[in-house]
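Q: Just dropping this structure here.
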Amino acid sequence: MAILVVIALLLAVAVGYAYHLTHGFKRTDVHGLAGALTSGQEGGTENILMAGSTSRCALTVQNPAYGLCSQGVNGVNSDVIMILHVDPTRHRLALLSIPRDLFIPNARSDGANKIDAGLYQGLSQLVSAIEDDFGIPIQHAVSLNFDQFANVVDALGGINMSFPMSVFDAESGLNVRAATCVHLNGTQALQVVRARHLQYKSSTSGPYAAYWPQEVQSDLARIRRDHEFLRVLASAATKKGLGNPITDINLVGSLKSDFTFDQSWSVTDMARLLVDFHAVNINSVPQLTLPVAVVTDPNGAGGSLIYRGSAYGQVEFPTLPADRAVIDQVLGISPTTDALTGQALPAPSAVNVSVMNGTGVADQAGSTATALAALGFHTVGTGDVPAVGDVAETRVYYGSHAPAAEAAAEAVAGSMSGSVVIGYNPSQMTDGAQVTVVTGTQFSVDQPAAPAGTAGSPPSSPPTTSAPPSSSSIAPPTAPNSNLAPWDPRACPAGATPTAPVANPVG
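The working numbering applies: residue 309 is where the sequence shown begins, and numbers increase by one.
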């Protein structure tokens, strides 16, 4: 679904045909979109949410390659979630990918889940989840399904990719022998970008793909490949000759049946935005992935999260301060800026905080409140709440959608490290506080800065931490970007002649 970003860039050439090319796209009512930011560090910028839908039942023609709705493949999730940050003033683009298995408090309207589950309730819910739990304002939202992805690649005449090693993914259908340069049609390209159970042929592997070693990062590895695919696809579009009316009409015409974008994005605004970036070089656009902490079992493998008695399979948790640093980098703001408004975060002395012990660890609420007070926050109460499971995020709740409430939560969360996430939940507010912290199983509160003229930090307020339980744990944060693995498909070498893909024997 990396094609969504390319779509936004491709439409830049259509300004002269704006009405013709954009008339007829499917629109949907998306609630909760942020208004244009006119001041602060984010003044004049926009964030465009791009979601790739897994819905098979919504396809015009059922395709066995994707799984059939009639056979029970009827889930609606977001295969890929990306946010494109657009800054016309600085002529800057940046792309942020959010891993689909990230577990957050407001994924669905009824509470916590993996973020990819939000799309089941529509684009509005996915927008709400990102704004509520990451404080990122979303001005526009678009979505695309499997058919549309394949159609756009086919409209370009396919793409070429190099396969340094033979690869196989039984679930996505990817099965390509190693070759210097392979020509892929739309369906084959979709198999590449959807592969998250990829197996590769090593030097000691036998001939049968089903028995090859499997990479361990799953969705995170797929995001890495999707970013590379995006670069390859953008290059293919450029070589196709953007600006040619026939090419432009064919490309945009291939999107009209299922490409969906929000009701507020006018043709005029789209054209104005796109003309500013028609000459963008995709290789110059930062493509980052939100760092996550993987929940693991006692053997270090991906474990299944149990939350309030229900199993959610393999999940990832947010992680601070790495998440905040990447979001700030994408949005182009400083660490003391509220991402939702572009204004300064409140001073700790202006924030009232209560702390609830969410793990049962002795005095965890009290010691956390003491540490926050040492940073200047006004702590107004402590207490206990039932644990949600043997491993849990620390949740920093706020109870109002007023910008000041979210900013207060962001200020508190910004003073903590580990598996910490903000969330909107009025029912969790206690002691009349603006912010309620519910402690989890792996976090710390930052130490106060050393007084001027002294060395080191004062010892009176040490970090508040809790050891992870023995049954499961939270791995160290992942990197915001990573190099391709030796088996990952990539751009073909210059001058390479593309060949048809050859399948590996499965066995």
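Cβ coordinates follow ideal geometry from the N, Cα and C atoms, glycine included. On a predicted model such as this, the values are computed, not experimentally measured, just so you know.
If contact is defined by three or more beta carbon pairs under 8 Å, each pair taking one atom from either stretch, is the region 484-503 in contact with the region 751-759?
A: Flag = no, the region 751-759 and the region 484-503 do not touch.
Q: As an exercise, report each continuous beta strand (DSSP E) stretch of at least 3 residues that is fully enclosed by the region 393-475, in chain order.
A: Taking only runs of at least 3 residues, the beta strand (DSSP E) segments lying wholly in the region 393-475 are 400-406, 411-416, 419-422, 448-452, 467-471.
Q: Going by C-alpha distance, which of Q429, A677, Q672 is nearest G689?
A: Position 381 of the sequence shown, counted from the start, is the residue given in the question as residue 689. Taking only the C-alpha atoms, the option nearest G689 is A677.
Q: In terms of residue numbering, what span does the alpha helix (DSSP H) encompassing S752 cover?
A: In the sequence shown, residue 752 corresponds to position 444, counting from 1. Here S752 belongs to no alpha helix (DSSP H); instead the beta strand (DSSP E) covers 751-753.
Q: How long is the line joining the alpha carbons of G650 and R539, rounded to whole angstroms?
A: The residue you call residue 650 lines up with position 342 of the sequence shown. The residue you call residue 539 lines up with position 231 of the sequence shown. If I take the Cα positions, the gap works out to 30 Å.
Q: Taking Cβ to Cβ, would you say V659 is nearer than 9 Å to Q742?
A: Within the sequence shown, residue 659 is the residue found at index 351, counting from 1. Within the sequence shown, residue 742 is the residue found at index 434, counting from 1. Their beta carbons are under 9 Å apart, which means V659 touches Q742 by this criterion.
Q: For the alpha helix (DSSP H) containing S361, name the first residue and the last one.
A: Within the sequence shown, numbered from 1, the residue matching residue 361 stands at position 53. No alpha helix (DSSP H) contains S361, which is instead part of the beta strand (DSSP E) from 354-361.
Q: How close, in whole Å, do the beta carbons of D527 and R416 come, if the pair is a contact with beta carbons under 8 Å?
A: Position 219 of the sequence shown, counted from the first residue, corresponds to residue 527. Position 108 of the sequence shown, counted from the first residue, corresponds to residue 416. So it is not a contact: roughly 19 Å between Cβ atoms.
Q: On the three-state DSSP scale, how would you describe D692?
A: Within the sequence shown, the letter at position 384 stands for residue 692. Strand at D692.
Q: Please give me, in chain order, every unbroken run of the alpha helix (DSSP H) with length at least 4 that falls completely inside the region 647-687.
A: The qualifying runs are 672-682.
Q: Using alpha carbons as the reference points, say which of T749, L464, L357 lies closest to S405.
A: The sequence position of residue 405 within the sequence shown is 97, counting from 1. Ranking T749, L464, L357 by Cα distance to S405 puts L357 first.
Q: Suppose contacts are defined by Cβ-Cβ distances below 9 Å. Is L464 in contact with A342 by that definition?
A: Counted from its first residue, the sequence shown places residue 464 at position 156. Counted from its first residue, the sequence shown places residue 342 at position 34. Result no, Cβ atoms of L464 and A342 do not sit closer than 9 Å.
Q: Would the region 655-672 count as touching the region 683-703 if we require 3 or more Cβ pairs under 8 Å?
A: The region 655-672 vs the region 683-703: in contact.
Q: From this set, I641, M724, A647, which residue's C-alpha is nearest A679's C-alpha?
A: Residue 679 sits at position 371 when you count from the first residue of the sequence shown. When each option's Cα is compared against that of A679, the closest is M724.
Q: If you draw a straight line from the alpha carbon of S510 to that of N791, how long is it in whole angstroms?
A: Taking the sequence shown and counting its residues from 1, the one referred to as residue 510 is at position 202. Taking the sequence shown and counting its residues from 1, the one referred to as residue 791 is at position 483. Their Cα atoms are separated by approximately 19 Å.
Q: Count the other C-beta atoms from every protein chain shown that fall within 10 angstroms of the C-beta of N589, then say buried if there are 16 or more, exposed otherwise.
A: Here residue 589 corresponds to residue number 281 of the sequence shown, with the count starting at 1. Looking at its Cβ environment, which holds fewer than 16 other Cβ atoms inside 10 Å, N589 is exposed.
Q: Would you mind reading off the limits of the alpha helix (DSSP H) that contains P711?
A: What you label residue 711 is simply residue 403 of the sequence shown in a count that begins at 1. Counting along the chain, the alpha helix (DSSP H) containing P711 begins and ends at 711-721.
Q: List the endpoints of the continuous alpha helix (DSSP H) containing I614.
A: Numbered from 1 along the sequence shown, position 306 holds the residue referred to as residue 614. I614 -> not in any alpha helix (DSSP H); beta strand (DSSP E) instead, spanning 612-615.
Q: According to DSSP, simplified to helix, strand and coil, what is G514?
A: Along the sequence shown, read from residue 1 onward, the residue named residue 514 stands at position 206. The answer is coil: DSSP assigns G514 none of H, G, I, E or B.
Q: State the start and end residues of the unbroken beta strand (DSSP E) segment that holds T805.
A: Along the sequence shown, one-based indexing puts residue 805 at 497. Premise fails: T805 is in no beta strand (DSSP E) and is neither H nor E.
Q: DSSP state of D523, grouped into three classes?
A: Taking the first residue of the sequence shown as position 1, residue 523 is located at position 215. Residue 523 is actually Glu in this sequence, not Asp. Three-state DSSP puts E523 in coil, outside helix and strand.
Q: Using a Cβ distance threshold of 8 Å, determine whether the region 803-812 contacts the region 465-482, with at least three qualifying pairs required.
A: Contact holds: three or more Cβ-Cβ distances are below 8 Å.
Q: Please return the same chain residues whose Cβ sits closer than 6 Å to the Cβ of Y620, not counting the five positions on each side in sequence.
A: Taking the first residue of the sequence shown as position 1, residue 620 is located at position 312. Result list for Y620: L613, in chain order.
Q: Per DSSP, K334 forms a beta bridge with which residues?
A: If you number the sequence shown from 1, residue 334 lands on position 26. Per DSSP, T568.
Q: Among the residues of its own chain, which have a CB less than 8 Å from the CB of Y519, if the five just before and after it don't count?
A: As a position in the sequence shown, residue 519 is number 211, starting the count at 1. Excluding residues within five positions, the ones whose Cβ falls inside 8 Å are S513, G815.
Q: Give the straight-line distance between the Cα atoms of G731 and G748, rounded to the nearest whole angstrom.
A: The residue labelled residue 731 in the question sits at position 423 within the sequence shown. The residue labelled residue 748 in the question sits at position 440 within the sequence shown. Each residue's alpha carbon lies about 14 Å from the other.
Q: Under the DSSP definition of a beta bridge, which residues are partnered with Y732?
A: Reading the sequence shown from its first residue, position 424 is the one you call residue 732. Answer is Y706.
Q: Is P515 closer than 9 Å to V729 when the C-beta atoms are compared?
A: Your numbering for residue 729 matches position 421 in the sequence shown. Your numbering for residue 515 matches position 207 in the sequence shown. Contact: no.
Q: State the DSSP-derived secondary structure class of P771, mapped to helix, strand or coil.
A: Counting from 1 along the sequence shown, the entry for residue 771 is found at position 463. Note that P771 scores a pLDDT of 46, beneath 50, so its modelled location is shaky; the value from the coordinates is reported in the next line. Note: P771 maps to coil in three-state DSSP.
Q: Give me the Cβ distance between T627 and K334, rounded to the nearest whole Å; I'm assuming they're in contact under 8 Å.
A: Residue mapping note: residue 627 aligns to position 319 of the sequence shown, counting from 1. Residue mapping note: residue 334 aligns to position 26 of the sequence shown, counting from 1. Not confirmed; about 37 Å, so no contact.
Q: Using only CA atoms, which one of S675, G726, V746 lies nearest to V693?
A: Taking the first residue of the sequence shown as position 1, residue 693 is located at position 385. Comparing Cα-Cα distances from V693 to each of S675, G726, V746, the minimum goes to V746.
Q: Quick check: the region 499-506 against the region 475-482, are there 3 or more CB pairs under 8 Å?
A: In short, these stretches touch, since the Cβ pair count reaches three.
Q: With a 10 Å radius around its C-beta and 16 neighbouring C-beta atoms as the bar for buried, classify S347 as buried or exposed.
A: As a position in the sequence shown, residue 347 is number 39, starting the count at 1. Under this definition S347 is an exposed residue.
Q: Put S592 into one of helix, strand or coil per three-state DSSP.
A: Position 284 of the sequence shown, counted from the start, is the residue given in the question as residue 592. Helix.
Q: Could you tell me whether the Cβ atoms of D646 and E714 are closer together than 9 Å?
A: Taking the sequence shown and counting its residues from 1, one reaches residue 646 at position 338. Taking the sequence shown and counting its residues from 1, one reaches residue 714 at position 406. Against a cut-off of 9 Å, the Cβ pair of E714 and D646 comes out as a contact.
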